[in-house]
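K.L.:
Have a look at the structure that comes next, please.
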DNA sequence: TGCCTTCTTTGCGTTGGCGCAAACAAGAGG
DNA sequence: CCTCTTGTTTGCGCCAACGCAAAGAAGGCA
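Dropping the structure here:
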């Protein structure tokens, strides 16, 4: 890979919460044991049930994290966008991926063999702490979702799901903010634990009230505040893992070091 | 604290997955910065919303982990029994407990200040890896619960909850296995996201079929296999974090070292 | 012993959301 | 341009689970 690409990757590494706050030497070290992979739209990044052997950061593209029930039903956990990591579990020996991650777009992934990641953990304890932070935050998010699932009804959950999606894949259009993802009614249903019929009905209703504006596999939010109203309690967490220390200088220093 | 108590605590430390696989010197080091606390039944071990400053291992007693909704409803996440840890989040700066943990019994807790835990992480990277493993496994459990909440109905979820409880607090009695916890119908309802009425009805039905045998705040399982039948797919995870390496010799070695 | 609180059961009406079927719309691909 | 596939809408019947109320048990405590 050429220098500019490498610097871009370094950028990604340093700005990802897993590797945040690393000393100058470490980042290049980390990059050295990484591999670049491309996955075509529809391909799988990790497969539920397979031994967890790869950790990765999504450089380009979007991906969908799903889980299959033993009786064949599928649920969707969340969508991944560029910059997010996956497969931290690979740092641990003898684990199996509990989820499947599929590429929605063509994706590009920077990835590490699980064993290599474990080595990095031992060499740079900060990474371990970062990883812990990430898992803790993911856990909090999941707990919140779980709680909502227990206490809220479909309307609220759908509103919340749309709000979440718009923050990760929102894009301005004249009518409001478009969720820039191929989102069928069924996809939403799998995300909130409902049927595609109920989702369709709810959306139709919202469309009549002018809250959303939807087409085939395409949804735009016209009145965010109306949705927030329906959702009630705002999501407590910023949903993004904030790096504990400023990265800007580290990053430019690294680029310079690598350029020489 | 006297020597036998100390050795007992060391036992607990070493057998807890957080500190598993520690080199000989480390365990005493870890123990040195710990503090012993007692909490009376009904007291709180950690409070939702408070700054996360303490990590702990439950030495004696049982505790209940709950979460409060903004609109006042409560859900129960799980029960903690002796030997389990809580508050790993305290290792990270500027965090807030997302849950409340209340003592069901009189409890005894070995605890560490959050900052101290973070130091231990940096000094002994193995601890960080262990913590990560724990969080990963908790996350998997929670994902499974979430999935079940999305796809299964009350009967199945209740069956599963009872099975889970019986593994952590089961006790043999003539009729079968008693869940040794003060469990009101409402507690179960909060655990599975249902109303106490529905829970009561379901249990009555099961009682008539001879599957369970319940009293006031007291439930015993007569036919485990019948419940497993209802639950369907068995819990995929052993639910307990298995320590990566054998501890027996480490433990006795440690005891000896401390006794001298 | 008897009161009082707390927990449990059960009946009844209501309803949110499911499940299916059939019609309709919108792209994809030749 | 037409056809075919895939996604969406809507109507209708149904049922699991809720919500409330009221009565019945079981302990706790004086």
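Chains as they are written, first to last, in my numbering: chain A, 394 to 653; chain B, 394 to 653.
Don't be surprised by glycine CBs; every beta carbon is placed ideally from N, CA and C.
#1: Would a C-beta distance cut-off of 8 angstroms place residue 426 of chain B and residue 478 of chain B closer than the cut-off?
#2: From the DSSP output, in three-state form, read off residue 586 of chain A for me.
#3: How many angstroms separate the CA atom of residue 572 of chain A from the CA atom of residue 582 of chain A?
#4: Identify which residue in A:567, A:600, A:521, A:545 has its Cα closest to the Cα of residue 463 of chain B.
#5: For residue 561 of chain A, collect the residues of the same chain with a Cβ closer than 7 angstroms to its Cβ; drop the 5 residues on either side in sequence, then sort them by chain order.
#6: Assign residue 495 of chain B to one of two classes, buried (16 or more other C-beta atoms within 10 Å of its C-beta) or exposed (fewer than that).
#7: State the start and end residues of the unbroken alpha helix (DSSP H) segment that holds residue 624 of chain B.
#8: Which of the three DSSP states, helix, strand or coil, is assigned to residue 490 of chain A?
#9: Between residue 409 of chain B and the rest of its own chain, which residues show a CB-CB distance below 7 angstroms, the 5 nearest in sequence each way excluded?
#10: Taking residue 413 of chain A as the reference, give the member of A:526, A:535, A:576 with the closest Cα.
#11: So what does residue 482 of chain B bridge to, in DSSP terms?
#12: Could you tell me if residue 590 of chain A is buried or exposed, where buried requires 16 or more neighbouring beta carbons within 10 angstroms of its beta carbon?
#13: Can you tell me the Cβ-Cβ gap for residue 445 of chain B and residue 482 of chain B, rounded? I've got them flagged as a contact below 8 angstroms.
#14: Once the 5 residues before and after residue 528 of chain A are set aside, which same chain residues still bring their CB inside 7 angstroms of it?
#15: On the DSSP bridge list, what partners appear for residue 502 of chain B?
#16: Quick check on the DSSP output: what are the complete beta strand (DSSP E) runs of length 3 or more inside the stretch 492 to 567 of chain A, in order along the chain?
#17: Can you give me the C-alpha to C-alpha distance between residue 452 of chain B and residue 502 of chain B, rounded to a whole angstrom?
#18: Give a yes or no on contact between the stretch 541 to 560 of chain B and the stretch 620 to 627 of chain B, applying the rule of three or more CB pairs nearer than 8 angstroms.
#19: According to DSSP, residue 437 of chain B sits in a beta bridge with which residue or residues?
#20: Residue 605 of chain A by DSSP, collapsed to three states: which one?
#21: Could you give the distance in angstroms between the alpha-carbon of residue 519 of chain A and the alpha-carbon of residue 515 of chain B?
#22: Kindly give me the distance between the Cβ atoms of residue 432 of chain A and residue 420 of chain A, rounded to whole angstroms, as I take these residues to be in contact under 8 angstroms.
#23: Measuring only the C-alpha atoms, how far is residue 397 of chain B from residue 615 of chain B?
#24: Under 8 angstroms between beta-carbons, which chain B residues line up against residue 529 of chain A? List them in chain order, please.
#25: What three-state label does DSSP hand residue 571 of chain B in the structure shown?
#26: Does DSSP put residue 581 of chain A in a helix, a strand or coil?
#27: May I ask you to list the residues that DSSP assigns as paired with residue 467 of chain B?
#28: Can you list, in chain order, the residues of its chain whose CB lies under 7 angstroms from that of residue 513 of chain A, leaving out five sequence neighbours each side?
#29: Which first and last residues belong to the beta strand (DSSP E) in which residue 613 of chain A is found?
#30: Relative to the C-alpha of residue 457 of chain A, which residue among A:509, A:429, A:493, A:532 is closest?
#31: For residue 514 of chain B, which residues in chain A fall below 7 angstroms Cβ to Cβ?
#32: Which residues in the same chain as residue 579 of chain B place their Cβ atom closer than 6 angstroms to its Cβ, once the five residues preceding and following it in sequence are excluded?
#33: If you draw a straight line from the C-alpha of residue 530 of chain A to the C-alpha of residue 491 of chain B, how long is it?
#34: Can you tell me the Cα-Cα spacing of residue 434 of chain B and residue 497 of chain B, whole angstroms?
#35: Taking all protein chains shown into account, do 16 or more other C-beta atoms lie within 10 angstroms of the C-beta of residue 563 of chain A, making it buried, or fewer, making it exposed?
#36: The alpha helix (DSSP H) with residue 423 of chain A in it runs from where to where?
P.N.:
Once the coordinates are examined:
#1: Along the second chain, read from residue 1 onward, the residue named residue 426 of chain B stands at position 33. Along the second chain, read from residue 1 onward, the residue named residue 478 of chain B stands at position 85. Taking a C-beta distance under 8 angstroms as the contact criterion, residue 426 of chain B and residue 478 of chain B do not qualify as a contact pair.
#2: Residue 586 of chain A sits at position 193 when you count from the first residue of the first chain. In this structure, residue 586 of chain A counts as coil in the three-state DSSP scheme.
#3: Indexing the first chain from 1 puts residue 572 of chain A at position 179. Indexing the first chain from 1 puts residue 582 of chain A at position 189. One C-alpha to the other measures close to 16 angstroms.
#4: Position 70 of the second chain, counted from the start, is the residue given in the question as residue 463 of chain B. Taking only the C-alpha atoms, the option nearest residue 463 of chain B is A:545.
#5: For the purposes of this step, residue 561 of chain A is taken as the residue at position 168 of the first chain. Same-chain partners within the cutoff: 472, 474.
#6: Numbered from 1 along the second chain, position 102 holds the residue referred to as residue 495 of chain B. Residue 495 of chain B is classed as buried because its beta carbon has at least 16 other beta carbons within 10 Å across all chains shown.
#7: What you label residue 624 of chain B is simply residue 231 of the second chain in a count that begins at 1. Taken as a continuous stretch (DSSP letters only), the alpha helix (DSSP H) holding residue 624 of chain B covers 617 to 624.
#8: Taking the first chain and counting its residues from 1, one reaches residue 490 of chain A at position 97. In the three-state reduction of the DSSP assignment, residue 490 of chain A falls in the coil class.
#9: Start at 1 with the first residue of the second chain, and residue 409 of chain B comes out as number 16. If the five residues before and after residue 409 of chain B are omitted, its C-beta is found closer than 7 angstroms to the C-beta atoms of 450, 476, 478, all from its own chain and listed in chain order.
#10: In the first chain, residue 413 of chain A corresponds to position 20, counting from 1. A:526 is the residue among A:526, A:535, A:576 whose C-alpha sits nearest the C-alpha of residue 413 of chain A.
#11: Here residue 482 of chain B refers to the residue found at position 89 when the second chain is read from its first residue. Answer by DSSP bridge pairing: none, since residue 482 of chain B is not bridged.
#12: As a working mapping, residue 590 of chain A is identified with position 197 in the first chain. It counts as exposed.
#13: Position 52 of the second chain, counted from the start, is the residue given in the question as residue 445 of chain B. Position 89 of the second chain, counted from the start, is the residue given in the question as residue 482 of chain B. That belief holds up - the Cβ atoms of residue 445 of chain B and residue 482 of chain B are roughly 5 angstroms apart, short of 8 angstroms.
#14: What you label residue 528 of chain A is simply residue 135 of the first chain in a count that begins at 1. Setting aside the 5 residues that flank it on each side, residue 528 of chain A is surrounded in the same chain by 481, each with a C-beta closer than 7 angstroms to its C-beta; the list follows chain order.
#15: Here residue 502 of chain B corresponds to residue number 109 of the second chain, with the count starting at 1. Its beta-bridge partners are B:430, B:451.
#16: Listed in chain order, they are 493 to 496, 500 to 506, 563 to 566.
#17: On the second chain, residue 452 of chain B is found 59 positions in, with the first residue counted as 1. On the second chain, residue 502 of chain B is found 109 positions in, with the first residue counted as 1. Each residue's alpha carbon lies about 5 angstroms from the other.
#18: With a cut-off of 8 angstroms on Cβ pairs, the stretch 541 to 560 of chain B is in contact with the stretch 620 to 627 of chain B, counting three or more such pairs.
#19: As a first step, residue 437 of chain B is located in the second chain; it is residue number 44 there, counting from the start. Residue 437 of chain B is bridged by DSSP to B:495.
#20: Here residue 605 of chain A refers to the residue found at position 212 of the first chain. Here residue 605 of chain A sits in strand by DSSP.
#21: Sequence index remark: in the first chain, residue 519 of chain A carries index 126 (1-based). Sequence index remark: in the second chain, residue 515 of chain B carries index 122 (1-based). Approximately 7 angstroms, taken between the alpha carbons.
#22: Taking the first chain and counting its residues from 1, the one referred to as residue 432 of chain A is at position 39. Taking the first chain and counting its residues from 1, the one referred to as residue 420 of chain A is at position 27. That belief does not hold up - the Cβ atoms of residue 432 of chain A and residue 420 of chain A are roughly 24 angstroms apart, past 8 angstroms.
#23: Within the second chain, numbered from 1, the residue matching residue 397 of chain B stands at position 4. Within the second chain, numbered from 1, the residue matching residue 615 of chain B stands at position 222. Spanning the two alpha carbons is a distance of roughly 39 angstroms.
#24: The count along the first chain starts at 1 and reaches residue 529 of chain A at position 136. Neighbours of residue 529 of chain A in chain B, taken as residues at a C-beta separation under 8 angstroms, are given in chain order as 481, 482, 485, 488, 528.
#25: Indexing the second chain from 1 puts residue 571 of chain B at position 178. Three-state result, residue 571 of chain B: strand.
#26: If you number the first chain from 1, residue 581 of chain A lands on position 188. Looking at residue 581 of chain A - three-state DSSP - the assignment turns out to be helix.
#27: Sequence index remark: in the second chain, residue 467 of chain B carries index 74 (1-based). Answer by DSSP bridge pairing, in chain order: B:461.
#28: Position 120 of the first chain, counting from 1, holds the residue named residue 513 of chain A. Excluding sequence neighbours, residue 513 of chain A sits near 423, 520.
#29: For the purposes of this step, residue 613 of chain A is taken as residue 220 along the first chain, with counting starting at 1. Element bounds for residue 613 of chain A: 611 to 614.
#30: As a first step, residue 457 of chain A is located in the first chain; it is residue number 64 there, counting from the start. Cα-wise, what sits closest to residue 457 of chain A is A:493.
#31: On the second chain, position 121 is the one that residue 514 of chain B refers to. Within 7 angstroms Cβ-Cβ: 518, 521, 522.
#32: For the purposes of this step, residue 579 of chain B is taken as the residue at position 186 of the second chain. For residue 579 of chain B, same chain residues with a beta-carbon under 6 angstroms away, outside a window of 5 residues either side, are 589 in chain order.
#33: In the first chain, counting from the first residue as 1, residue 530 of chain A sits at position 137. In the second chain, counting from the first residue as 1, residue 491 of chain B sits at position 98. About 10 angstroms.
#34: As a working mapping, residue 434 of chain B is identified with position 41 in the second chain. As a working mapping, residue 497 of chain B is identified with position 104 in the second chain. Straight-line Cα distance between these residues: approximately 5 angstroms.
#35: Indexing the first chain from 1 puts residue 563 of chain A at position 170. Residue 563 of chain A is buried by the Cβ-count criterion.
#36: The residue labelled residue 423 of chain A in the question sits at position 30 within the first chain. Residues 417 to 425.
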